[in-house]
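Each number in our numbering comes from the position in the sequence shown (counting from 1) with 88 added on.
Where a beta carbon is used, it is the ideal one built from N, C-alpha and C, also for glycine.
Reviewing the structure listed below.
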Amino acid sequence: MARLSQLHTKGIIDLKDIPECRILDWKKDQLVIGSAVTLAQLEAVQFFPLLSRVCNRIADHTSRCKITLGGNICGKIIYRETVLPLLVANAEFHIATESGVKQVSIHDVFEKELRLLPHEILLQITVDKQITTMPYRSEKRTKIDRIGYPTVSLAAIHNQGEIQVAFSGICTFPFRSKEVERALNDQTLSLEDRVRSAIHKFPEAIMADHHASASFREFIVHNLILDTIESFERA
Ligand SMILES: Cc1cc2nc3c(=O)[nH]c(=O)nc-3n(C[C@H](O)[C@H](O)[C@H](O)COP(=O)(O)OP(=O)(O)OC[C@H]3O[C@@H](n4cnc5c(N)ncnc54)[C@H](O)[C@@H]3O)c2cc1C
């Protein structure tokens, strides 16, 4: 944007040179991911297999060697697919502020997009080791090819018999919803009714654009959720 003169600034900070932003390692029972770690690195290490798999489906390999986790979360492109595994994992965000580093739950700081104040940057993300070992599923459908923006992207884990799931490409922002999960985990209903009820609880009308109509997206997400629940409950 700056090269196109659409963005003007008095200075630029290269976050990739800050050591804390480049870390990718375990600290006790926590996975610590610096915000400048690339999607290709996350894909390669398999520390958090669900996140690795989601990264593997974003852009092409050459682009993934440049795109950072922080860039995907904070960028302008609405899909922000890396947020999905972080939402289901109840990740903690470490944010550098003018007065120090604060640690907040993703659920308190990510509402449609990352709510940073001026002068704040996302420094690191931490995830509990236990979550990274749970059964998981990631599914992405695009208009045509393997690589492309999602018509639907879903990331889920099976945590003590309950499904935790987040979506992108369905609404104009990535989301995880308590109401949706409550419906999906309601064992008093048939599987079909659980899925239908969950879709009715999406936080926004299903999106329609040049990638897919709303009814086609609904058809895809319905089937992806069914497959996901069946695979978890069969295992
Ligand atoms: C070919 C291609 C295909 C793509 N396909 C997909 C896709 O299928 N799904 C998907 O979700 N995304 C997709 N994307 C988007 C991509 O994942 C990134 O969101 C986008 O490229 C920006 O990433 P970047 O690392 O270059 O960030 P930058 O351009 O460096 O940053 C983006 C913005 O975020 C801010 N920012 C970056 N890091 C931080 C931080 N740590 N703290 C605060 N602010 C920060 C920057 O200041 C800037 O405003 C695609 C991108 C490309 C190029």
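Separation of residue j from residue i, as counted between CA atoms
i: K115; j: H96; result: 39 Å
i: A177; j: P238; result: 21 Å
i: F304; j: I101; result: 42 Å
i: E131; j: R229; result: 19 Å
i: L314; j: D297; result: 24 Å
i: C185; j: I209; result: Looking at the sequence itself, residue 185 is Thr, so the reference to Cys does not match. The straight-line gap from Cα to Cα measures roughly 7 Å.
i: R141; j: Y224; result: 10 Å
i: G257; j: I111; result: 29 Å
i: D281; j: N273; result: 11 Å
i: Q191; j: R152; result: 27 Å
i: D113; j: I121; result: 7 Å
i: Q248; j: R270; result: 14 Å
i: A286; j: E267; result: 7 Å
i: G188; j: L211; result: 11 Å
i: E321; j: E180; result: 28 Å
i: D216; j: K231; result: 34 Å
i: L138; j: R264; result: 15 Å
i: M222; j: P206; result: 36 Å
Residue i, enclosing beta strand (DSSP E) - first and last residue
i: P341; result: Residue numbering for the chain in the displayed model covers 89 to 323; residue 341 lies beyond these limits and cannot be assessed.
i: I121; result: Q118 to G122
i: S301; result: Counting along the chain, S301 falls outside any beta strand (DSSP E), and DSSP gives it neither H nor E.
i: R225; result: Y224 to T230
Cross-strand partners of residue i (DSSP beta bridge)
i: I183; result: K190 and L210
i: E250; result: N247
i: S93; result: According to DSSP, which records beta bridges pairwise, S93 is partnered with nothing at all.
i: D113; result: V120
i: T156; result: T126
i: E318; result: In the DSSP output, where bridge partners are listed per residue, E318 has none listed.
i: F255; result: L242 and F263
i: E108; result: According to DSSP, which records beta bridges pairwise, E108 is partnered with nothing at all.
i: L202; result: F198
Expected contact under 8 Å - CB spacing of residue i and residue j to nearest Å
i: I245; j: I213; result: Not quite, the Cβ-Cβ distance comes to about 16 Å (not below 8 Å), so this is no contact.
i: A243; j: P173; result: 5 Å
i: A90; j: C109; result: Not a contact, Cβ separation roughly 20 Å.
i: T126; j: I155; result: 6 Å
i: I294; j: E306; result: 5 Å
The alpha helix (DSSP H) enclosing residue i, as first and last residue numbers
i: L272; result: K266 to L272
i: T220; result: K217 to T220
i: S285; result: L279 to H288
i: L138; result: P137 to N144
Residue-level contact to chain C via CB, residue i, 9 Å cutoff
i: D233; result: Here there is only one protein chain, and chain C is not present.
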